[in-house]
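Colleague: Questions regarding the structure given below will be posed in turn.
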Amino acid sequence: MTLGDLIIVLDNGSQTTQLIAKRLRKRGFYTEVCAYNKPLEQIIAKMPKGIILSGSPASVHDEKAPTVPKELYDQATLLEISLMGICYGTQLTAHLWNGEVEHSSKREYGRAPVTVDKSHPLFEGLPKKFISWMSHGDKVTKLPQGFMEIASTENCKYAAIAGPNFVGLQFHPEVTHTEHGSDILENFARKLCKMQPTWTPGNFIARTTEEVKKLVGDTLVVGGMSGGVDSSTMSVLLHKILGSQYNAIFVNNGLLRENEAEQVQETFKRHFNMNLIYVDASERFLDSLKGVTSPDEKRKIIGREFIHAFNDAVIRNFGTMPKYLAQGTLYTDVIESVSVHGGPTSKIKRHHNVGGLPPETLALFKGLVEPFRFLFKDDVREVAQELEMPYEIIGRHPFPGPGLAVRIIGEITPEKLYIARKSDAIFVEELKKHNLYDKVWQSLTVVTDTRTIGVQGDEHSYSYVVALRSVDSVDGMTADWSRLPHPFIADVSTRITNEVKGVNRVVYDVTSKPPGTIEWE
Numbered sequence: 161m162t163l164g165d166l167i168i169v170l171d172n173g174s175q176t177t178q179l180i181a182k183r184l185r186k187r188g189f190y191t192e193v194c195a196y197n198k199p200l201e202q203i204i205a206k207m208p209k210g211i212i213l214s215g216s217p218a219s220v221h222d223e224k225a226p227t228v229p230k231e232l233y234d235q236a237t238l239l240e241i242s243l244m245g246i247c248y249g250t251q252l253t254a255h256l257w258n259g260e261v262e263h264s265s266k267r268e269y270g271r272a273p274v275t276v277d278k279s280h281p282l283f284e285g286l287p288k289k290f291i292s293w294m295s296h297g298d299k300v301t302k303l304p305q306g307f308m309e310i311a312s313t314e315n316c317k318y319a320a321i322a323g324p325n326f327v328g329l330q331f332h333p334e335v336t337h338t339e340h341g342s343d344i345l346e347n348f349a350r351k352l353c354k355m356q357p358t359w360t361p362g363n364f365i366a367r368t369t370e371e372v373k374k375l376v377g378d379t380l381v382v383g384g385m386s387g388g389v390d391s392s393t394m395s396v397l398l399h400k401i402l403g404s405q406y407n408a409i410f411v412n413n414g415l416l417r418e419n420e421a422e423q424v425q426e427t428f429k430r431h432f433n434m435n436l437i438y439v440d441a442s443e444r445f446l447d448s449l450k451g452v453t454s455p456d457e458k459r460k461i462i463g464r465e466f467i468h469a470f471n472d473a474v475i476r477n478f479g480t481m482p483k484y485l486a487q488g489t490l491y492t493d494v495i496e497s498v499s500v501h502g503g504p505t506s507k508i509k510r511h512h513n514v515g516g517l518p519p520e521t522l523a524l525f526k527g528l529v530e531p532f533r534f535l536f537k538d539d540v541r542e543v544a545q546e547l548e549m550p551y552e553i554i555g556r557h558p559f560p561g562p563g564l565a566v567r568i569i570g571e572i573t574p575e576k577l578y579i580a581r582k583s584d585a586i587f588v589e590e591l592k593k594h595n596l597y598d599k600v601w602q603s604l605t606v607v608t609d610t611r612t613i614g615v616q617g618d619e620h621s622y623s624y625v626v627a628l629r630s631v632d633s634v635d636g637m638t639a640d641w642s643r644l645p646h647p648f649i650a651d652v653s654t655r656i657t658n659e660v661k662g663v664n665r666v667v668y669d670v671t672s673k674p675p676g677t678i679e680w681e
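This is the structure we're talking about:
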């Protein structure tokens, strides 16, 4: 993919590394994330205009602390690549170039007023004082030769430093708590990297159109569609590029939300006039799941049955496998990242709908079409807006590949499926009615495997407990439970217990991620 100007973020294990890339992309600057130990020649081969060294939970004094070769700085200077360090990235740079980094006697965490002490392009157009977000136990206490301090806080003399072809921040400009953080990152891209904001949805669509046409020629392409924002936007984009050459296959696994199968067909088959092949395999899936209670076993069965249903639909409609398979793989599915516990990790989703097809199935195709392989979900939503897709799809909350199977604890039964669909529909309806749906990252209901005694009408009941779950997040990597108004929760609880047969108790989940996950299974 020809991406033009590029900034690379070297991930040292910070939980906010991806936010750096997202903030820059939001301002129009294309950014990729790589592990800190990616070979230097591979980094340089990408010809970036800038490189950012991210934060980390580690200390530069740790035996196995993330590090980069000093040759990186030499190569960057030679090739006029601007460097930036954020928190640990700044400490690492000072440490490598014979500065001093010491454990702070007072860990600085949270909001801290920053004073800009010296004029610098990084702070051009910004006020001399603003609020930053600090999160560090170490700090630079002596600068390397040739470096200077450009900003400070009350507890941190070197809140921002500048050196030969390098700028460093002790605070985190990528988090929303830092005032003008995105402006600082944009100044780095514009003023120091000499980049222009060319990363736009329109430019992405134009480039992708050219690349897809060149790749597939006049051959058929098939892709799986779930109705979620990723696969839906992919299908609309490929339909726009390829027309009747593209065929979307929508498999109803019997684990969809209320009226979802009908809504997907109405939107894409009739509204967009797309070649949409609908497969009702619900009986097949639910038969295979009878008696199964293990979450992992549920996922394996759903993945296996999807492959069978998908392959059968392709053979039934085309007689043979088309040459190309389209997948809604996102950048977060393939991104190189570093675990906060140490060591590089590769994050690949296990579900069938994102890059999880087995090698024997992928081998049936000549190649893959993955137009969103370099996009975050936020980028996909912007592409969807550019394609003028309905807002109810663009703004839709994430929905797991295994569907309601991971929102039903224990065995999946017709009664539990009914409860899951009805309770979810009520929760979503009330969130929208109270203008809360777009203010939370994801909301869901969980049908527990617990029954409790209750009183409904003049009779005792022994019915299921339903849990409400709503979280606030940026990318789903971490999440905090939503502080929804108590009267609202009470209204939702009343509606569910009154309108959904088989439920006599509703609870609200107040667990963040970590230690919990967003879904219950």
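Count along the sequence shown starting at 1, add 160, and that's the number in my numbering. Positions of the beta carbon are idealized from the N, C-alpha and C atoms, including for glycine.
State yes or no: is the C-beta of residue 608 within less than 7 Å of the C-beta of residue 569?
Modeller: yes
Colleague: Is it buried or exposed, residue 305, if we count other Cβ atoms within 10 angstroms and call 16 or more buried?
Modeller: Only exposed fits residue 305, as fewer than 16 other CB atoms lie within 10 angstroms of its CB.
Colleague: In three-state DSSP terms, what is residue 212?
Modeller: Collapsing the DSSP output to three states places residue 212 in a strand.
Colleague: Taking only the alpha-carbon atoms, compute the straight-line gap between residue 255 and residue 320 and give it to the nearest angstrom.
Modeller: 15 Å
Colleague: With the cut-off set at 7 Å, would you say residue 603 and residue 656 are in Cβ contact?
Modeller: At a Cβ-Cβ threshold of 7 Å, residue 603 and residue 656 do not count as neighbours.
Colleague: Report the partner residues of residue 423 according to the DSSP bridge assignment.
Modeller: Residue 423 is not bridged to any residue.
Colleague: Of the choices 280, 229, 187 and 627, whose alpha-carbon is the least far from that of residue 343?
Modeller: 187
Colleague: Apply the 10 Å Cβ neighbour rule to residue 356 and answer buried if 16 or more other Cβ atoms are within range, or exposed otherwise.
Modeller: exposed
Colleague: Quick one: Cα of residue 630 to Cα of residue 380, how far?
Modeller: About 41 Å.
Colleague: So, at 7 Å on beta carbons, what are the nonlocal neighbours of residue 622 in its own chain, with the 5 sequence-adjacent residues on each side left out?
Modeller: 611 and 613
Colleague: In whole angstroms, what separates the C-alpha of residue 177 from that of residue 322?
Modeller: 21 Å
Colleague: Strictly by DSSP, which residues pair up with residue 293?
Modeller: Beta-bridge partners of residue 293 (DSSP): 271.
Colleague: Once DSSP output is grouped into helix, strand and coil, what is the label at residue 170?
Modeller: strand
Colleague: Leaving out the 5 sequence neighbours to the left and right, which residues in its chain are closer than 6 Å to residue 428 when beta-carbon positions are compared?
Modeller: 434 and 436
Colleague: Identify every residue that forms a DSSP beta bridge with residue 564.
Modeller: Here residue 564 is not bridged, per DSSP, to any residue.
Colleague: Residue 254 lies in the alpha helix (DSSP H); which residues open and close that run?
Modeller: Counting along the chain, the alpha helix (DSSP H) containing residue 254 begins and ends at 248-256.
Colleague: Of the choices 403, 402 and 471, whose alpha-carbon is the least far from that of residue 409?
Modeller: 471
Colleague: Can the beta-carbon of residue 388 be found closer than 7 Å to that of residue 559?
Modeller: The beta carbons of residue 388 and residue 559 sit closer together than 7 Å.
Colleague: Consult DSSP for residue 671 and reduce its assignment to one of helix, strand or coil.
Modeller: Residue 671 carries a coil assignment under DSSP once its states are collapsed to helix, strand and coil.
Colleague: Count the other CB atoms, across all protein chains shown, that sit within 10 Å of the CB of residue 661; report buried if there are 16 or more and exposed otherwise.
Modeller: That one is exposed.
Colleague: Helix, strand or coil, according to DSSP, for residue 378 in the structure here?
Modeller: Secondary structure at residue 378: coil, using DSSP grouped into helix, strand and coil.
Colleague: Are the CB atoms of residue 563 and residue 486 nearer to each other than 7 Å?
Modeller: Cβ distance not < 7 Å, so residue 563 and residue 486 don't count as in contact.
Colleague: Closest by CA to residue 346, which one among 184, 531 and 654?
Modeller: 184
Colleague: Leaving out five residues before and five after residue 451 in sequence, what residues of the same chain have Cβ atoms less than 7 Å from its Cβ?
Modeller: 571
Colleague: What residues in its chain sit with their C-beta under 6 Å from that of residue 301, if we drop five residues either side in the sequence?
Modeller: 260 and 262
Colleague: Would you kindly report the start and end of the unbroken beta strand (DSSP E) that includes residue 614?
Modeller: 602-616
Colleague: Grab the span of the beta strand (DSSP E) containing residue 322 for me, first residue to last.
Modeller: 320-323
Colleague: Could you check whether the segment 195-209 touches the segment 272-283, counting it as contact only if at least three pairs of C-beta atoms, one from each stretch, sit closer than 8 Å?
Modeller: no
Colleague: Can residue 288 and residue 316 be called in contact, C-beta distance under 7 Å?
Modeller: no
Colleague: Check each candidate in 531, 643, 666 and 639 and name the one with the smallest Cα separation from residue 366.
Modeller: 531
Colleague: Among the residues of its own chain, which have a CB less than 7 Å from the CB of residue 236, if the five just before and after it don't count?
Modeller: 211, 243 and 325
Colleague: Inspect the beta-carbon positions of residue 627 and residue 669 and report whether they are closer than 7 Å.
Modeller: Contact annotation: residue 627 and residue 669 have beta-carbon atoms nearer than 7 Å.
Colleague: Taking the straight line between their C-alpha atoms, what separation do you get for residue 417 and residue 283?
Modeller: 49 Å
Colleague: Starting from residue 438, trace the beta strand (DSSP E) in both directions and tell me its first and last residue.
Modeller: 436-440
Colleague: Using only the alpha-carbon positions, how far apart do residue 280 and residue 172 sit?
Modeller: 26 Å
Colleague: With respect to the alpha helix (DSSP H) encompassing residue 394, which residues constitute its N-terminal and C-terminal limits?
Modeller: 389-402
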